[in-house]
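Residue numbers (the numbering used here), protein chains in the order written: chain A, 233 to 464; chain B, 233 to 464. Ideal placement from N, C-alpha and C gives every residue a C-beta, glycine not left out. Please read all numbers here as calculations on a predicted model, not as lab measurements.
There are 2 protein chains.
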Amino acid sequence: MRPEDREQVKDLSLFREMSDDAFGRLLAGSFLQRFPAHVVLINEGAPADFLHVVINGGVELFSNWRDRETTMSIARPVSTFILAAVIKDAPYLMSARTLEPSSILMIPSQNIRSAMAGDAAFSVAMVDELAACFREVVKAQKNVKLRSGVERLANYLLQLSVLQERRKGIELPIEKKTLASLLGMSPENLSRAFASLKPYGVAVNGGSVSLNDVAGLESLAKPSRFIDDPHS
Amino acid sequence: MRPEDREQVKDLSLFREMSDDAFGRLLAGSFLQRFPAHVVLINEGAPADFLHVVINGGVELFSNWRDRETTMSIARPVSTFILAAVIKDAPYLMSARTLEPSSILMIPSQNIRSAMAGDAAFSVAMVDELAACFREVVKAQKNVKLRSGVERLANYLLQLSVLQERRKGIELPIEKKTLASLLGMSPENLSRAFASLKPYGVAVNGGSVSLNDVAGLESLAKPSRFIDDPHS
DNA sequence: GCTGCCGCTTGATAAATGTCAAGTGTCGAT
DNA sequence: ATCGACACTTGACATTTATCAAGCGGCAGC
């Protein structure tokens, strides 16, 4: 593991307050591994032996039931995923696969639990992190239950435009197929949803999207602080 | 607050490991209040000043967007709700209203944060509680995204029958209107969903439901440990 | 007893969403 | 260069779900 990678992990809010010493103990037995694209890292139902940290690349968290599958969220550097399963020492509720070639740091679950026991500040950081995760899922749930497909797409695009800090010309960070699943619709439906946003100044070209009428799009999307703002 | 109520709260996994002393400090400035049915306790977006604990009765957590509303979950005695907002000192993401006349214990948010700072064991309990909450929402999200309305109802009924420990003759604990919203469908649709379960031995009479063919219902519902089991 | 409200149901209809099938274009492997 | 796999799009169609309207039945208040 390169020193700059270690530095990035240490800078996560989860680990920032730890002593270097405690952080060293946490990483004992951990390993950083490079994976190709489209590799399954975690199978739903397996015991949570490691806390995973995306160092670079991207990871899709998804879930299956019968013959259906849905994308639950996307983890980007630098962030952890499946923290809750590690805490509860319970089976993973989601599967995970790389979207692209990715470096993943894997920390033994036992190290996390030991660190909590020995380091009160770390526990507090964990509480903070888990509360944030919880609020994210609640927002996602509201998004699905209160909005139509088109509305979810419109809000996703607006969120992206804020994130990418340019008014026109945003880039979709994931394949449309995956985006459809993340937004809770079929790929065909996503195509049609894009088409139905054309009157609102949305022009699509492959992975590039221009928003030529942000105000109009907002009047359709009606973004809400308590669904769309990642910091609320 | 009656001693037996205090005992029940102390017995929550969140507080069980606390010293009586620390628990006393936690409750300083708290108060127990009785509310009539259908009273709004919390408005989405308000600052999270109190951690709420349902002592008896029942509370519906719900959320609005534009002219739509959906119920997110039901809190029953004895349990806390909106813990995450309290931790983050952030606005509530959901509103709350009583379903019936209810007693609610309200603990000042500041007390919770102080207790975390001074009591490592309490922090660990909080981590555990939040991880459990997180996993609950993830399951709810999978339920909505992977299943049709009829499938969600079928699984809900099976869950109830396990909870109420009798094979036939279960009682719906909430109005059908609320149940519809909880399951993410319109009330009309819930009626039709019940009707379409008739061939699977489901007979409805007001709030009473008989399951005359649990095996058949299960073959339709295909319950999954990682969606329906509250302990997984 | 009425009477009006409300929860619930049912039917008719519309809107949203999914499925199936075909066709296009890209890209990487041979 | 050709081929095939695959992501994406589009159209036709089926299914699911919501909406609107009407009606039933219980129940609280007059």
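Can you check whether the C-beta of residue i is within less than 8 angstroms of a C-beta belonging to chain A?
i: Q396(B); result: no
i: M250(B); result: no
i: D299(B); result: no
i: R424(B); result: no
i: F247(B); result: no
i: M358(B); result: yes
i: G493(B); result: Outside the shown range of chain B, which is 233 to 464, sits residue 493(B), and nothing can be said about it.
i: I467(B); result: Only positions 233 to 464 of chain B appear in this structure, which leaves residue 467(B) out of reach.
Just verifying my parser: in three-state terms, what is the DSSP assignment at residue i?
i: F263(B); result: strand
i: V310(B); result: coil
i: E292(A); result: strand
i: N437(A); result: strand
i: V247(A); result: Sequence inspection shows Phe at residue 247(A); the Val mentioned does not correspond to that position. Correct three-state label for F247(A): coil.
i: M326(B); result: coil
i: P405(A); result: coil
i: R300(A); result: strand
i: P333(B); result: coil
i: V271(B); result: coil
i: M417(B); result: coil
i: L449(A); result: helix
i: M358(A); result: helix
i: L443(B); result: strand
i: M348(A); result: helix
i: L201(B); result: What is shown of chain B runs 233 to 464, which leaves residue 201(B) out entirely.
i: S428(A); result: helix
i: S464(B); result: coil
i: P455(A); result: coil
i: S305(B); result: strand
Find the residues of chain A that neighbour residue i, judging by a C-beta separation of less than 7 angstroms, and give them in chain order.
i: K430(B); result: Result: empty, since nearest Cβ-Cβ is about 22 angstroms, beyond 7 angstroms.
i: M348(B); result: V356, V359
i: G416(B); result: K377
i: R316(B); result: What sits at residue 316(B) in the sequence shown is Ala, not Arg. Neighbours of A316(B) on chain A, chain order: A363, F366, R367.
Using a Cβ cut-off of 7 angstroms, pull out every chain B residue sitting near residue i, in sequence order please.
i: K408(A); result: Correct list: empty, because the minimum Cβ distance to chain B is about 18 angstroms.
i: A352(A); result: A352, S355
Using a Cβ-Cβ distance cut-off of 8 angstroms, determine whether residue i contacts chain B.
i: E276(A); result: yes
i: F282(A); result: no
i: L325(A); result: yes
i: S295(A); result: yes
i: S456(A); result: yes
i: V475(A); result: What the structure shows of chain A is the stretch from 233 to 464, and residue 475(A) is not part of that stretch, so it cannot be assessed.
i: A364(A); result: yes
i: I319(A); result: yes
List the whole-angstrom C-beta distance separating residue i from residue j, where the pair is believed to meet the contact cut-off of C-beta under 8 angstroms.
i: Y324(A); j: I314(A); result: 6 angstroms
i: S245(B); j: A357(B); result: 6 angstroms
i: S334(A); j: V369(A); result: Not confirmed; about 23 angstroms, so no contact.
i: D219(A); j: Q373(A); result: Because chain A is modelled from 233 through 464, residue 219(A) falls outside the range shown and cannot be assessed.
i: I319(A); j: A317(B); result: Contact doesn't hold; Cβ gap of about 20 angstroms is too wide.
i: E239(B); j: S413(B); result: With 8 angstroms as the limit, E239(B) and S413(B) do not qualify as a contact, their Cβ atoms being about 34 angstroms apart.
i: D351(A); j: A254(A); result: 5 angstroms
i: S393(A); j: V446(A); result: 7 angstroms
i: A280(A); j: S341(A); result: 6 angstroms
Would residue i and residue j qualify as a contact pair, given that the criterion is a beta-carbon distance under 8 angstroms?
i: L385(A); j: A425(A); result: yes
i: V285(B); j: V241(B); result: yes
i: L258(A); j: N343(A); result: yes
i: I274(A); j: A328(A); result: yes
i: N387(B); j: A453(B); result: yes
i: V436(B); j: L443(B); result: no
i: M326(A); j: S295(A); result: yes
i: S262(B); j: L331(B); result: no
i: V382(B); j: L429(B); result: yes
i: W297(B); j: L378(A); result: yes
Using a cut-off of 8 angstroms between C-beta atoms, extract the partners of residue i located in chain A.
i: Q373(B); result: M304, V369, A372, Q373, V376
i: I339(B); result: In chain order: nothing, as chain A lies at least about 16 angstroms away.
i: A322(B); result: R367, S464
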